[in-house]
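Protein chains in written order, with the numbering used here: chain E, 1 to 327; chain F, 1001 to 1510; chain W, 2001 to 2331; chain V, 3001 to 3343.
Here it is, written out as structure tokens:
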């Protein structure tokens, strides 16, 4: 009996993690999308387009990596879009005055991490529902960024290393994609293999049980908020590099894209369930849809309609599959 | 529409001979457990029928099937010869089956009066709720049965015992053919017990078939006409109460000698104080509670519902805040007062509320087991999963935890196996003091004795076990000393030899 | 004197506590505070004209807020209402332009709203999908659909029916805008429903404890389903008022409206967890935010400050409410 | 004595004269401006122009921001009317959406000047000619393409179908371009949302599909810069590329012209001047003077460093050179307006 369970364990876990849950549905959706689009428009498979898709995915994936952790703990952060814009402006301003990439990045991280910390404290200490708390933060950041700068912060430092952040390559792969992959990998490893990751799931699954087990659940949530914030810091700097300016108007609706990707990836808003591979697939599906609509020359307004349908559909299919499993 | 119904002397003509409800061959399975196996039950109008059995015998499952909470896997339910198709509580209520559950089924934000009429508001012209009538009728109803509570009070603000009485009173507010009372006295003090009896007798006088679910012998002898006993999900006997004696009933319920349920293997408790609690008070409930528990000892806490056992359990381990008092584990103060410190010092809680405070239902068995001791399997923050699973597997084997695999979601295990996993959680961590709160709640009888054996073993291994329970046999069977609580105070501590049911109950009433 | 003071000292805390336990009273106090503050600081704030203007402006959030609050009370959320505002304006304006009939236009809009409510309600209550996901999805679909259909052009109200214009410009007794009258009537009607109709109590019960509600014989799914329909229909009414106020079907109408309404509703003490709160509280929440933004405008504060202050107030208010709730439960 | 008396007298006369001069043009005490999107650079500079002019004339100017929300715009205008402003200036969030607002203003006897977009039933509007702006920039782009790009013109239009004004700019640009290079084609017609990150995203996808373009046109600076950034991110050289921006809204274009080799043409729209003109129009309306329905605010294509003619730039702030801008002669009438789009 014992040996039987032991030997079946690894197979189940790999299968379970990669294919078992909603990822299977998503994988199929992604494959069908890719095949259908490239049949209709062969340019879809061009190297240039794949790189363009990946670069678009990179920004979302970076923030979604943190957001996945956060949603796994059963909290959410709606302020990431507003923070993204603010971070870019602050980073650029510090770069302009110091001409040091390191200091600019540091300022961006400090700010974005600080926003995460603030959200986390409001949620864990003041016990404000995270949906409401981060709507509040979102408003404060949207207003705050214009108090900070009324115009786009221009690139006066002309640091090549900064430009490379968005437009550079390592080999044939754009630098933002490399950064995203690294962050994704760290987050995925953390969630799957470390005590920290295990605790994050546990907090989402049953916070009181975790607390009774002697684990400081509030710190875990705080951690997830701060990590999400730091991810926004990275993404904000890449975005400002790509746009060559700190844009206070950037990031509108970004939070919804990120959350949609995470949910699409099968992470439960109730916490305790989800995986970064799912998020990766979710990001890819959303961005392939976005890209495909342009490549096919369809009306760009479909870029809102299709993801809406896909999110509902994917969740529904997941529920149906779960029900079938129970029976 | 129906409050007039309860006025005396207006009992409907009783159709004796025709059963009010007839259940035949009821089967019900849950993952890993057969809850009911071919159970029959017939209720007569105007008669009080007791349903007896130990925890886990299948009483709750059977009445939940009557109430439409669960669907049955096999069998038929007939009412006056007509087969019923009960798929939801709504269907059940429509057929005139009214179940008063032991767990409080009231909306705590609503007033008492509103909860009385939850299943059907009296409406006036145009279908609007007639609040005046609701208030007046519930006041009249309370008057009639001698229940002294303000109908306008917010239900959630009442003590648990009064909430249970509201539940019972509710049975009179609606027309019914069959009323089921699930352990209606579980949280009542002895001087409150007359209320459910008044209600039940009134119901019977009105020609309603009453099913009285209990495991308290004296109550059953006092009120029932007929008794059906279930054991391990099977029908054991149905006899008129007159054919039973205390002994025959116990024989039917337990089916074996009571001692075998509590196999005591451990030696005498040690003399080293493992847990010392001095002057503990909380804002909500506890007042100046002081006690000590020695290593290797089972200290049993008894109290009626609302006495503060669970509150004490949660405060002692650092989960709930305290306003004064000190707690020390093995001589070290629990400061700051949180569970992180508590677990570090070696005190942990096996909760009574597994679902919301113990289990991570969506997560697999092995993750549930290792939650408190992850650090032991980690190197540089990385979990050595092989080692972790092997350790969990050891416990699964030792405690005979029935699970298809370590990767099974724990919500799919039976209550007993879930409890064993949660005990493993603490054993893997290695504690000095474990507080167990109602350790056998929702666990079937077979697994019960295993849990008792585990608790016995824990104490045998030198842990101090603080056990909160409302089950007298459990208390007397397991504890070395008995502490009794009443309304947040500790009213008595006695040794195993001094403790008798009467003494304990007297102390519990305060 | 000394006797009296000891009495008040004895009674004081409990009286105060009870007063503040009444959510609505605390909110009312807060509203009075806001109004008083701006009456002294913002020029022309405390005038009949400005006050009634604010009521007219608040009518949108008040109307949609009823639905939002009811869905919250049933234990679900609906964030599709902003997009719905834009969606239902299409049939409204198009039908009015074609037929010159307000009734047909409003009927068409309500039918559209009903359909959306049915979709949201079905997917949540019967298909069992988390309502946040469902309404996030329909929010995208509707907004995208409106953009697609209109080609991102507003559709003007060419019919310019007097009855429709009155919705925007008309005032009852030349004082209270009709839009506010509609909102107040709806508010009163639904507040009555929540307190005095069995269905209203069922909503509270379902949100407060679905298991108990089921045991009491309520069809939990049906109740939730209907709540989504109510929410969609009320958002439709808000959409009609908005269309009148802007004299057209606007494809960008109601962007971020859901955030405003959700914030106001939660501020008004309606719990996201269900079963708790009142429509009066919601209405006070809406009015507080509306008077706040009107007052801040009156002070000539730029958008950025308005955003910052509103954000802070939302967080502070909910945090305060949470602290208070915990203290009450604690003591 | 006489001497001093005469001084006194003459100074009194001068005083009387100056008062008379002020009274000749009756000044509104207070003007309320409800803008569309105050945090945007374009409107920032419109407001600057207004404030400068209002200060000159001694008028109190109050600004409210709709923040792209039409409902909020109507509310803000209501607030202004309740407050009793003498003239309203409105930049409509949407042309159709402010019709009721004009109606209300009329019933309150508050004159309204519209900025930017025409509305049915308006008295007057201060606006540039969007089509003409695009057109003249298109002509310049054509000349540049003929000279430097081998006479080829493959255009990526980073547009914004949301507004008729921006659609007109794109149309005008293509039409102007075709007067020089008749076989110019629009390879991509994109919705860049008017904001830089969206523009970057859609341009990236479009360039991946077909990078055979040599002109990027953006309906505002954010759009053209988003398109250009997408081009750079795709790892392409700017050697055979021309980027044309529109607006000259803030500092972004100056920065781009200084640093991006392909960014050679900017269709400047002088927001400061537009604000200035709007205040003048408001004063005239207040005095009941006759005003044309469309008061045209000038625009001009700027090649390379032409911008220095119109702006001083110290690295952080730009200052408009009023003389140069005021010298620009706006056309009497636009070549095409949004009315033509609907046909």
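Ideal placement from N, C-alpha and C gives every residue a C-beta, glycine not left out.
For residue 2197 of chain W, the C-beta contacts it makes with chain F under 8 angstroms involve 1127, 1128, 1129, in order along the chain. In the three-state DSSP reduction, residue 2227 of chain W falls in the helix class (H, G or I). For residue 1235 of chain F, there is no enclosing alpha helix (DSSP H); the residue is part of the beta strand (DSSP E) that begins and ends at 1234–1240.
Excluding residues up to 5 positions away in sequence, 1298, 1436, 1439, 1465, 1467, 1478 lie with their Cβ nearer than 8 angstroms to the Cβ of residue 1455 of chain F in the same chain. When C-beta distances to chain E are compared with 9 angstroms, the residues of the region 2099–2132 of chain W below that value are 2123, 2127, 2128, 2129, 2130, 2132, in chain order. Residues of chain W with a Cβ closer than 7 angstroms to the Cβ of residue 1121 of chain F are, in chain order, 2198, 2201. DSSP, read as helix, strand or coil, puts residue 1045 of chain F in coil.
For the region 2299–2314 of chain W, the residues whose beta carbon sits under 9 angstroms from a beta carbon of chain E are, in order, 2302, 2303, 2304, 2305, 2306, 2307, 2308, 2309, 2310, 2311, 2312, 2313, 2314.
For residue 3251 of chain V, the nearest beta carbon of chain E is closer than 8 angstroms to its own beta carbon.
The three-state reading of DSSP puts residue 2312 of chain W in helix, counting H, G and I together.
Residues of chain E with a Cβ closer than 7 angstroms to the Cβ of residue 2322 of chain W are, in chain order, 126, 127, 128. For residue 3113 of chain V, the uninterrupted beta strand (DSSP E) segment begins and ends at 3112–3115. Annotation: residue 1131 of chain F to residue 1121 of chain F spans about 9 angstroms, alpha carbon to alpha carbon. Residue burial annotation: residue 2040 of chain W is exposed, with fewer than 16 other C-beta atoms found within 10 angstroms of its C-beta. Given a length threshold of 3 residues, each whole run of the beta strand (DSSP E) inside the region 1315–1395 of chain F is given here in chain order: 1324–1329, 1347–1350. Residue 1384 of chain F and residue 210 of chain E have their alpha carbons spaced roughly 20 angstroms apart. The beta-carbon of residue 2050 of chain W is placed no less than 8 angstroms from the nearest beta-carbon of chain F. The alpha carbon of residue 3131 of chain V has as its nearest neighbour, out of V/3246, V/3329, V/3319, the alpha carbon of V/3246. Chain V has no Cβ within less than 8 angstroms of the Cβ of residue 2144 of chain W. Residue 3253 of chain V and residue 2034 of chain W have their alpha carbons spaced roughly 44 angstroms apart. The contact set of residue 1363 of chain F on chain E, defined by CB atoms closer than 8 angstroms, consists of 201, 202, 205, 272 in chain order. Residues of the region 262–296 of chain E with a C-beta atom less than 7 angstroms from some C-beta of chain W are 263, 269, listed in chain order. The residue from W/2055, W/2247, W/2120, W/2142 with its alpha-carbon nearest to that of residue 2071 of chain W is W/2120. Apart from the 5 residues on each side of it in sequence, residue 3257 of chain V sits with its Cβ closer than 6 angstroms to the Cβ of 3263 in its chain, given in chain order.
The bridge partners DSSP lists for residue 3242 of chain V are V/3215. Taking a Cβ-Cβ threshold of 7 angstroms, the residues of chain W close to residue 133 of chain E are 2315, in chain order. Given a length threshold of 4 residues, each whole run of the alpha helix (DSSP H) inside the region 2034–2118 of chain W is given here in chain order: 2048–2073, 2081–2099. Within chain F, the residues 1109 have their CB atoms less than 9 angstroms from the CB of residue 2276 of chain W, given in chain order.
For residue 1279 of chain F, the enclosing beta strand (DSSP E) begins and ends at 1273–1281. Taking a 10 Å sphere around the C-beta of residue 247 of chain E, we find 16 or more other C-beta atoms and assign the residue as buried. When E/181, E/195, E/48 are compared, the shortest CA-CA separation from residue 235 of chain E is found for E/181.
Runs of the beta strand (DSSP E) lying entirely within the region 165–225 of chain E and spanning at least 3 residues: none are present. Exclusion of the five residues before and after residue 1208 of chain F leaves 1020, 1045, 1046, 1176, 1177, 1178, 1179 as the residues of its chain whose Cβ lies within less than 8 angstroms of its Cβ.
Under a 10 Å Cβ-count criterion, residue 2231 of chain W is classified as buried, with 16 or more other Cβ atoms of the shown protein chains found around its own Cβ.
With a contact defined as Cβ atoms closer than 8 angstroms, residue 81 of chain E and residue 227 of chain E miss out at about 17 angstroms. Each residue's CA atom was taken as its position, placing residue 139 of chain E and residue 3327 of chain V some 43 angstroms apart.
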